[in-house]
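Student: I'd like to ask you about the structure that follows.
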Amino acid sequence: MNEVVSAPRPRRGAGVRRGALGLALVLPPLLVLAFLVALPAVTAVIETLTPAGGGGPTLANYARVLAVRTLRADIVFSIGITLLSVAVVFALSYPLALYLRFSRGRAARVLGVLFVVPLFVPVVIASFAMITFLVNHGLVSTLLYQVGVRAFPRLVYNGTGIMLTQVWVNIPFAVLILGAGLQAIDDALIDGARDVGAGPLRTFLAIILPLNAVPTMIALTLLFIGVFGSFTIPYLVGGNAPAMLGVTMTNYLTQYLQRTEAVTIAVLAFVIASVVGAVYVASVSRRERGAV
Amino acid sequence: MRRYSRLRGSAPVVLALLAAVLLIPTSVPRSAGAAGQVTLNVYINGDTNIFDLWNKSLLPAFTKRYPQYRTNMVALLHGNGGQGVLDKLIAAKRAGRTTDVDLWETEPSIVEQGIPEGLWVKLTDKLVANLAKIPPEKIAATQGYGAPYRGSSVVIGYNSAFVKNPPKTFDDLVAWIKANPGKFTYCDPNTGGSGQAFVSAAIYKFVNPEKFAGSAYDPKEESAWEPAWKLLRDLQPAMYNNGFHPNGNVAVLQLLGQQNIYMASVWSDMGLDFYKRGLVPKTVKYEQITPPLFGGDSTVTLPSFSAHLEGALTLLNWLLTPEAQELVIRDVSGYPGVDWKYMPESVRRQFADVAKPYSPLPNAKYLADIKRLWHDRVAAGQ
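Encoded structure:
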């Protein structure tokens with residue numbers, strides 16, 4: 054590359070030099086990505102495809118892992134809890150983001166400050182807070198008891214607990230992304246729609262929703278991957294079984310001393326996450342194209 | 011603007027001061043090392059009571075007796091970070107370098123994982139003279155890679171305000187659990203020995219404990235555990251919160267302390283410690299059932315390629331003297347690692363009631379399978 058730079062062609066040389074600078078700038082993150090993400094991922098995949106006794110690549114490890122009913126239950130549970138959490142987060146965040154974007158009152162300003170609070174609470178503390186809040190002798194059960202409700206549902210140490218904690222932790226993140234998308238929508242468009250007689254619902258469906266589609270997809274995919282890959286919340290707030298895959302992997306690695314199984318589950322989790330990741334990449338590149 | 015530039019001017023000074031402050035602590039032992047002192051890095055897994063035992067009793071007593079050594083304790087709370095230390099050791103070993111981990115009190119599963127890598131010193135009486143005082147079967151249980159220096163056993167903790175006639179046998183205990191739904195639990199065996207002990211007790215009800223305690227391992231033998239899984243599965247609806255097992259020994263003691271449950275399996279030393287610190291009501295009592303729940307020896311392991319192996323061996327040998335063993339008994343209500351007959355008469359008399367026999371711990375591989383199968387057959391309920 055150096056010879057090209059020193060080649061006696063000033064106009065092209067400047068371009069190449071700029072290219073080299075660009076390359077030098079992206080190289081560190083690229084190397085980090087290669088050595089800390091790509092290389093371990095490739096080694097992991099190779100490890101899971103190699104049979105214990107030697108020989109050619111085989112899917113035997115995957116067959117063995119997927120044959121364990123508990124593990125299948127864990128995978129289904131992980132996906133289910135993740136989808137449910139994302140759905141609830143989304144259902145709560147979108148109206149909040151809309152309200153913060155289009156309301157001018159003091160309530161909106163106060164809410165605009167309040168909703169980010171969970172971002173500054175470490176996940177482990179949030180989990181313990183949710184436990185004290187939701188457990189048998191916690192605040193919620195005491196309140197219900199006071200108003201005469203005797204049958205108290207189990208809200209922690211199961212999927213419900215994980216879901217509720219994930220929702221609490223993830224709402225600010227979702228609102229920030231959705232809100233940023235909504236900010237980008239020109240007021241003139243909305244005013245225009247109103248001028249030609251569109252009601253709030255029509256304006257939302259015809260203007261806001263389509264224009265905000267890409268940030269919405271990005272928020273959904275990032276939420277999915279974040280919840281799916283979480284460990285702290287499922288470990289602290291979840292039950293014993295079924296468990297989310299982060300907890301299962303840790304158990305296989307450190308408790309059951311079955312490294313290959315742990316890596317195989319990790320690859321499976323990676324495959325599931327990358328399907329969702331593909332949606333993200335597609336959304337982002339669509340936005341890039343739209344920008345051009 | 012001027013203030014800003016003045017601040018900028020002082021930045022190098024601040025940085026230099028910061029660097030000096032950061033460097034001082036590391037440079038002091040180094041200069042002391044030049045005078046013939048060796049610093050031993052002692053990695054300890056455990057709870058705060060065990061850290062205090064090492065930091066305030068064992069290590070000061072050791073350096074007083076052997077002034078040529080200094081010690082530096084690295085605390086791994088509940089074994090957190092243990093996997094990272096193991097990875098560090100494996101990496102150093104493969105790279106052919108020495109390690110700064112000189113002695114490590116850790117879990118059997120970590121020791122087990124390091125054996126194929128050749129990480130540990132195989133301990134013999136020749137290397138460590140006082141090892142001869144430890145009952146040989148205790149050494150055999152670690153395949154010779156761990157030296158037991160303190161023991162404790164799992165007992166039943168119960169709140170005598172609610173439990174007037176505590177169970178005396180394992181069968182009584184099972185009957186009590188069924189008769190008092192929601193008032194008993196044991197911790198998830200993946201997260202604590204007190205839970206493993208209860209699960210092992212169920213297994214030992216149907217099989218000979220000795221068969222699974224030695225170094226032999228044959229997964230086919232595990233089919234004999236099926237009746238135990240059925241027993242435990244049937245108990246699930248009677249457990250706290252309809253079958254919930256909290257994470258860790260401490261979480262169970264907290265439930266006992268909050269009076270959410272009236273009975274649980276707990277470690278003897280931790281239970282006594284909670285009692286002493288007032289973290290459980292004064293009505294909480296501990297007792298051993300028949301057959302006893304398992305007990306275990308906490309072992310220390312020496313990396314074979316440590317930079318100060320001789321010092322580590324000296325420390326281990328001293329750890330097995332009556333002097334060190336009495337500190338263990340005094341500070342954490344532990345049992346001595348060495349045979350009781352090497353302890354002074356006064357100590358033996360004082361601990362006559364505590365030093366009851368306990369069931370053996372399953373070996374590390376069986377224990378790993380117990381945890382996995384428990385999750386499969388009991389928690390997931392198949």
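Protein chains in written order, with this note's numbering: chain A, 54 to 345; chain B, 11 to 392.
Just so it is clear, CB atoms sit at the ideal spot from N, CA and C, and this is done for glycine as well.
1) Rounded C-beta distance between A389/B and A126/A? I'm assuming under 8 Å.
2) Kindly confirm or deny that the segment 126-142 of chain B and the segment 313-325 of chain B touch, where touching means at least three C-beta pairs closer than 8 Å.
3) In this structure, what does DSSP give as the bridge partners for Y3/B?
4) Could you name the residues of the segment 177-204 of chain B whose beta carbon sits closer than 8 Å to any beta carbon of chain A, in the order they occur along the chain?
5) Cβ closer than 8 Å: which chain B residues qualify as neighbours of Y309/A?
6) What are the residues of the segment 268-291 of chain B that lie near chain A, defined by any Cβ-Cβ distance shorter than 8 Å?
7) Can you confirm whether the segment 51-58 of chain B touches the segment 102-121 of chain B when touching is taken to mean that 3 or more C-beta pairs between the two stretches lie within less than 8 Å?
8) Runs of 4 residues minimum, wholly inside the segment 57-143 of chain B: which ones carry the alpha helix (DSSP H) assignment?
9) Give every residue of the same chain whose Cβ lies closer than 6 Å to the Cβ of F208/B, excluding the five residues on either side of it in the sequence, and list them in chain order.
10) Closer than 8 Å, CB to CB, is A126/A near chain B or not?
11) Counting only C-beta atoms, is N114/A closer than 8 Å to chain B at any point?
12) Short of 6 Å in beta carbon distance, which residues of its chain neighbour R160/B, apart from the five on each side in sequence? Order them along the chain.
13) For A294/A, which residues in chain B fall below 9 Å Cβ to Cβ?
14) Output needed for Y147/A: all residues of its chain with C-beta closer than 7 Å, excluding positions within five of it in sequence on either side, in chain order.
15) Just tell me which of T331/B, G106/B, V184/B, V173/B has its CA closest to the CA of A238/B.
16) So what's A296/A in DSSP terms, helix, strand or just coil?
17) Would DSSP call T111/A helix, strand or coil?
18) Where do the ends of the beta strand (DSSP E) carrying D307/B lie?
19) Are the CB atoms of I134/A and V290/A within a distance shorter than 8 Å?
20) Less than 8 Å between the beta carbons of V176/A and I286/A, yes or no?
21) Relative to the C-alpha of D240/A, which candidate in T256/A, V193/A, V169/A has its C-alpha closest?
22) Are the CB atoms of H190/A and Q153/B within a distance shorter than 8 Å?
23) Cα separation between K98/B and L217/A?
24) Measuring straight from C-alpha to C-alpha, what distance separates E320/B and T331/B?
25) Could you list which residues in chain A have their beta carbon closer than 9 Å to that of Q153/B, in chain order?
26) Cutting at 7 Å between CB atoms, please list the residues of its own chain near I60/B, excluding the five before and the five after it.
27) What do you reckon, are the CB atoms on F168/A and I224/A nearer than 8 Å?
28) Do you know how far the Cα of A248/B is from the Cα of L241/B?
29) Any beta carbon from chain B within less than 8 Å of Y210/A's own beta carbon?
30) For P301/B, which of helix, strand or coil comes out of DSSP?
31) What three-state label does DSSP hand M249/B in the structure shown?
32) What do you reckon, are the CB atoms on G258/B and G202/B nearer than 8 Å?
33) Quick one: give me the first and last residue of the alpha helix (DSSP H) that V262/B is part of.
34) Tell me, please, whether the CB atom of Q206/B is closer than 8 Å to any CB atom in chain A?
35) What residues match up with T49/B in a beta bridge as DSSP calls it?
36) Do you know how far the Cα of V294/B is from the Cα of R359/B?
Tutor: Let's see:
1) The beta-carbon distance between A389/B and A126/A, rounded to whole angstroms, is 11 Å. This is too long to meet the 8 Å contact definition.
2) yes
3) A question about residue 3/B goes unanswered here, because the residues of chain B that appear run from 11 up to 392.
4) D198, N200
5) A378, D379, K381, R382
6) Q268, N270
7) yes
8) Counting only runs of at least 4 residues, the segment 57-143 of chain B fully encloses the following alpha helix (DSSP H) elements, listed from N- to C-terminal order: 58-62, 69-75, 92-104, 118-124.
9) Hits under 6 Å: Y196, S275.
10) yes
11) no
12) S308, V338, G344, G347
13) H385, D386, V388, A389, A390, G391
14) L231
15) Per the Cα distances, V184/B.
16) coil
17) coil
18) 305-311
19) Cβ distance not < 8 Å, so V290/A and I134/A don't count as in contact.
20) In contact: V176/A and I286/A (Cβ atoms closer than 8 Å).
21) T256/A
22) no
23) CA-CA distance, K98/B to L217/A, rounds to 38 Å.
24) Roughly 17 Å separates the two Cα atoms.
25) Those within 9 Å of Q153/B in chain A number zero; the least Cβ separation is about 15 Å.
26) I54, V342
27) yes
28) 12 Å
29) yes
30) coil
31) DSSP places M249/B in strand when its eight states are reduced to three.
32) G258/B places its beta carbon less than 8 Å from that of G202/B.
33) 259-267
34) no
35) R80/B
36) 25 Å
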